[in-house]
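Novice: Supplied in structure tokens, the structure appears directly below.
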Amino acid sequence: MTSGLRALTSRGRSFIASGLAAMLCAVVLGEQDLLRIGVLIAALPLLAAVVVARTRYRLSCARRLDPPRTETGSDATVTLRLENITRLPTGLLLIEDTVPYALGARPRFILDRVESRGIREIDYRVRSDLRGRFPIGPLTVRISDPFGLVELTRSFTISDTLVVTPRVVALPHVRLSGEWSGGGESRTRSVAAAGDDDVAPREYRQGDDLRRVHWRSTARYGELMVRREEQQWQSRGALLLDTRRYAHRGEGPRSSFEVAVSAAASIGVHLAREGLGLRLVTDQGAQHLDDVGASWSLLDALAVVRTGSARSLEYGVGALRQGGGDGLVVAVLGGIDVEQAEALARLRHGNMTGVAVLLDVAGWERPELGSNEEYRAAQAVLAGAGWRVVRLPSGVSIADVWPEAGQRGRFATSGGAV
């Protein structure tokens with residue numbers, strides 16, 4: 033009863049106040065009919081509170097995100113599945129799901145009646161122009177009487193997470209020498225040279241070629257085992273993203289930092305699809321990836337990357353040097369000076385291929401000024417050390433300038449190499 037009284041809506045409280053006022057006037061004026069009306073008006077929300085408070089609905093809730101990972105500016109569909117698992121039908125239900133402000137307004141729905149063992153599915157769309165991991169849920173169900181006098185709120189505990197990744201654009205294929213350190217033939221020869229005892233078998237799966245059955249392991253484990261598929265060596269590469277707040281200009285989705293994140297995502301996905309095992313490094317050091325070389329892992333990391341307060345790239349350069357073994361290093365950089373360019377230039381050695389995507393951050397403030405002298409000097413330092421330098425001005429897509437990464441010994445502009 034106490035919870036029901038607390039759940040009285042403004043309409044319910046108004047009914048009680050009106051009923052009490054009518055009863056008071058009836059006593060003063062001696063009107064019995066008015067007294068009966070006042071009692072009825074005041075008793076109606078109280079009866080509704082008793083009925084709603086004694087309601088024992090049992091609902092189960094499931095939520096599905098399609099897709100669970102989406103790009104900025106793209107829609108995702110959220111499907112709510114409610115099931116009445118009791119033998120009693122429900123009354124009027126007000127459904128409200130909890131979503132962050134970045135995904136839009138909270139979706140609200142009204143279900144008139146759910147029969148016993150009945151199931152209802154509700155769809156709604158969410159969209160975000162900002163990267164990040166956004167929790168969706170928990171779901172809130174408000175039980176109300178038909179007159180709207182009482183409203184009782186009950187919440188579920190489950191929630192899901194929508195990952196909004198940077199925008200990825202398709203890049204043309206560019207041959208980057210030094211990208212591969214081995215091939216499938218060398219892998220095959222090394223397995224053959226290792227001998228039959230060193231083969232790592234796995235259990236037989238439907239459709240496996242019987243010629244690949246490994247009989248010695250089959251006898252050892254008591255079940256059919258086959259040799260693992262021969263795989264190519266996976267070359268290693270590194271992707272350096274400049275996240276220094278000092279090095280970027282602009283605010284919001286069109287800032288130079290967001291363009292840099294989108295460019296890094298596009299390059300990373302492109303190289304991962306070509307079979308390169310890529311690790312992510314920022315000016316704050318190496319970033320953890322759940323599955324190195326998988327594009328989804330890289331996109332998840334880039335979805336939550338933020339700018340930092342560092343003013344130099346020393347931690348990023350140190351992480352690249354400490355990791356080592358990279359056949360390819362791609363650096364997506366904001367504004368850098370000659371000293372930082374020289375530190376990056378010293379990373380390149382031997383057959384390693386270095387590609388520097390330089391954002392012309394001056395264009396995000398005043399495009400008519402063009403590149404400043406310090407920016408051009410940093411380009412010259414990197415190009416002189418053998419890096420392939422690609423200039424990315426404001427308003428230009430990374431797909432338009434990426435072919436310039438295949439040119440050696442020169443650095444590129446938006447209109448061509450110089």
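Numbering (my numbering), first residue to last: 33 to 450.
Note that beta-carbon positions come from the ideal geometry of N, C-alpha and C, so glycine has one too.
Quantities reported herein were computed from a predicted structural model and do not represent experimental measurements.
(1) Can you give me the C-alpha to C-alpha distance between R338 and L379, rounded to a whole angstrom?
(2) Out of Q411, D315 and P285, state which residue places its alpha-carbon closest to the alpha-carbon of L162.
(3) Per the contact definition of three or more C-beta pairs closer than 8 Å, is the stretch 143-162 in contact with the stretch 60-75?
(4) Considering only DSSP beta bridges, list what F166 is partnered with.
(5) Between the alpha carbons of A468 and R408, how many angstroms are there, rounded?
(6) When DSSP labels each residue in this structure, what does I175 get in the three-state scheme?
(7) How would you call R45, buried or exposed, if buried means at least 16 neighbouring beta carbons within 10 angstroms?
(8) Quick one: Cα of E306 to Cα of L271, how far?
(9) When you compare each of Q354, E346, A342 and M384 to V361 by their alpha carbons, which one comes out closest?
(10) Could you tell me which uninterrupted alpha helix (DSSP H) segments, each at least 4 residues in length, are contained entirely in the stretch 342-384, listed from first to last along the chain?
(11) Below 8 Å, can you find three or more Cβ-Cβ pairs linking the stretch 171-188 to the stretch 119-131?
(12) Can you give me the start and stop residues for the beta strand (DSSP E) that S46 sits inside?
(13) Quickly, what does DSSP pair T185 with across the bridge? List them, please.
(14) Where does R149 fall in DSSP's three states?
(15) May I ask you to report which of helix, strand or coil DSSP gives R96?
(16) Per DSSP, which residues does G317 bridge with? Please list them.
(17) Using DSSP's beta-bridge definition, name the partner residues of T339.
(18) Give me, in chain order, the residues of the same chain whose beta-carbon lies closer than 8 Å to that of V422; leave out the 5 immediate sequence neighbours on both sides.
(19) From the DSSP secondary-structure annotation, give me the bridge partner or partners of R140.
(20) Quick check on H302: buried or exposed, where buried means 16 or more other Cβ atoms within 10 Å of its Cβ?
(21) As a quick exercise: from S287, L273, R343 and D369, pick the residue whose alpha carbon is nearest that of A333.
(22) Does DSSP put L112 in a helix, a strand or coil?
(23) Around the Cβ of E346, are there at least 16 other Cβ atoms within 10 angstroms (buried) or fewer (exposed)?
(24) Identify the residues that DSSP records as bridge partners of E103: which are they?
(25) Tell me the DSSP secondary structure of G210 in three-state form.
(26) For the alpha helix (DSSP H) that H414 lies in, which residues bound it at each end?
(27) In the DSSP assignment, what residue or residues form a beta bridge with Y156?
(28) Which two residues bound the contiguous alpha helix (DSSP H) that contains R248?
(29) Quick one, are the C-beta atoms of A377 and V413 less than 8 Å apart?
(30) Taking 8 Å as the threshold (C-beta atoms), are V200 and R101 in contact?
(31) Using a 10 Å radius around the Cβ and a threshold of 16 neighbouring Cβ atoms, would you call L135 buried or exposed?
(32) How would you call T104, buried or exposed, if buried means at least 16 neighbouring beta carbons within 10 angstroms?
(33) Closer than 6 Å by C-beta to S50: which residues in its own chain qualify, once you throw out the five before and the five after it? Chain order, please.
(34) State buried or exposed for E211, treating a residue as buried only when at least 16 other CB atoms are found within 10 Å of its CB.
(35) Assuming contact is defined by CB atoms lying nearer than 8 Å, are Y156 and P139 in contact in what I supplied?
(36) Grouping DSSP H, G and I as helix and E and B as strand, with all else coil, what is E436?
Specialist: This is what the structure gives:
(1) Here residue 338 corresponds to residue number 306 of the sequence shown, with the count starting at 1. Here residue 379 corresponds to residue number 347 of the sequence shown, with the count starting at 1. Approximately 25 Å, taken between the alpha carbons.
(2) Looking up residue 162 in the sequence shown gives position 130. Nearest option by C-alpha distance: P285.
(3) no
(4) Mapped onto the sequence shown, residue 166 falls at position 134. Beta-bridge pairing links F166 to L194.
(5) Examination of residue 468 is not possible in this model, given that the chain is present from 33 through 450 alone.
(6) In the sequence shown, counting from the first residue as 1, residue 175 sits at position 143. It is a strand residue.
(7) Here residue 45 refers to the residue found at position 13 when the sequence shown is read from its first residue. Its Cβ having fewer than 16 others within 10 Å, R45 is exposed.
(8) In the sequence shown, residue 306 corresponds to position 274, counting from 1. In the sequence shown, residue 271 corresponds to position 239, counting from 1. Rounded to the nearest angstrom, the two C-alpha atoms are 15 Å apart.
(9) To locate residue 361, count along the sequence shown from 1; it is residue 329. The residue with the shortest Cα to Cα distance from V361 is M384.
(10) 346-355 and 370-377
(11) With three or more CB-CB distances shorter than 8 Å, the stretch 171-188 counts as touching the stretch 119-131.
(12) As a first step, residue 46 must be located in the sequence shown, where it is residue number 14. Counting along the chain, S46 falls outside any beta strand (DSSP E), though it belongs to the alpha helix (DSSP H) covering S42 to L61.
(13) In the sequence shown, residue 185 corresponds to position 153, counting from 1. T185 is bridged to R174.
(14) Translated into positions along the sequence shown, residue 149 becomes position 117. Coil at R149, not helix or strand.
(15) Residue numbering aside, residue 96 sits at position 64 when the sequence shown is read from its first letter. The answer is strand: DSSP assigns R96 an E or B state.
(16) Here the question's residue 317 lines up with position 285 in the sequence shown. DSSP lists T314 as partners of G317.
(17) For the purposes of this step, residue 339 is identified with residue 307 of the sequence shown, where counting begins at 1. Note: T339 sits in no beta bridge, so no partner.
(18) If you number the sequence shown from 1, residue 422 lands on position 390. Around V422: V387, A388, V389, L390, V433, W434, E436, A437, F443 and A444.
(19) By 1-based counting over the sequence shown, the position of residue 140 is 108. Looking at the DSSP assignment, R140 forms a beta bridge with E128.
(20) What you label residue 302 is simply residue 270 of the sequence shown in a count that begins at 1. So H302 ends up on the buried side.
(21) Within the sequence shown, residue 333 is the residue found at index 301, counting from 1. Nearest option by C-alpha distance: L273.
(22) Sequence index remark: in the sequence shown, residue 112 carries index 80 (1-based). Strand.
(23) For the purposes of this step, residue 346 is identified with residue 314 of the sequence shown, where counting begins at 1. With fewer than 16 Cβ atoms within 10 Å of its Cβ, E346 is classed as exposed.
(24) Locating residue 103 in the sequence shown gives position 71, counting from the first residue. Its beta-bridge partners are T197.
(25) Within the sequence shown, numbered from 1, the residue matching residue 210 stands at position 178. At G210, the pLDDT of 49 sits below 50, so the modelled position is not reliable and the matter cannot be decided from this model.
(26) Here residue 414 is taken as the residue at index 382 of the sequence shown, counted from 1. Per the sequence shown, residue 414 should be read as Leu rather than His. Element bounds for L414: E405 to G416.
(27) Position 124 of the sequence shown, counted from the first residue, corresponds to residue 156. DSSP, once it has assigned bridges, lists V110 as partnering Y156.
(28) Translated into positions along the sequence shown, residue 248 becomes position 216. Unbroken alpha helix (DSSP H) run through R248: W247 to Y253.
(29) As a working mapping, residue 377 is identified with position 345 in the sequence shown. As a working mapping, residue 413 is identified with position 381 in the sequence shown. Contact flag set, yes.
(30) Residue 101 sits at position 69 when you count from the first residue of the sequence shown. Residue 200 sits at position 168 when you count from the first residue of the sequence shown. No, the Cβ-Cβ distance between R101 and V200 is not below 8 Å.
(31) Locating residue 135 in the sequence shown gives position 103, counting from the first residue. Buried, since its Cβ has 16 or more Cβ neighbours within 10 Å.
(32) Looking up residue 104 in the sequence shown gives position 72. By the 10 Å Cβ count, T104 comes out buried.
(33) The residue given as residue 50 occupies position 18 in the sequence shown. So the list reads I73, once near-sequence residues are dropped.
(34) Here residue 211 refers to the residue found at position 179 of the sequence shown. Residue placement at E211 is flagged as unreliable, the pLDDT there being 46, under the threshold of 50; the coordinate-derived value follows with that caveat. Looking at its Cβ environment, which holds 16 or more other Cβ atoms inside 10 Å, E211 is buried.
(35) Within the sequence shown, residue 156 is the residue found at index 124, counting from 1. Within the sequence shown, residue 139 is the residue found at index 107, counting from 1. It is a contact, given that the beta carbons lie within the stated cut-off.
(36) Sequence index remark: in the sequence shown, residue 436 carries index 404 (1-based). Of the three classes helix, strand and coil, the one that applies to E436 here is helix, per DSSP.
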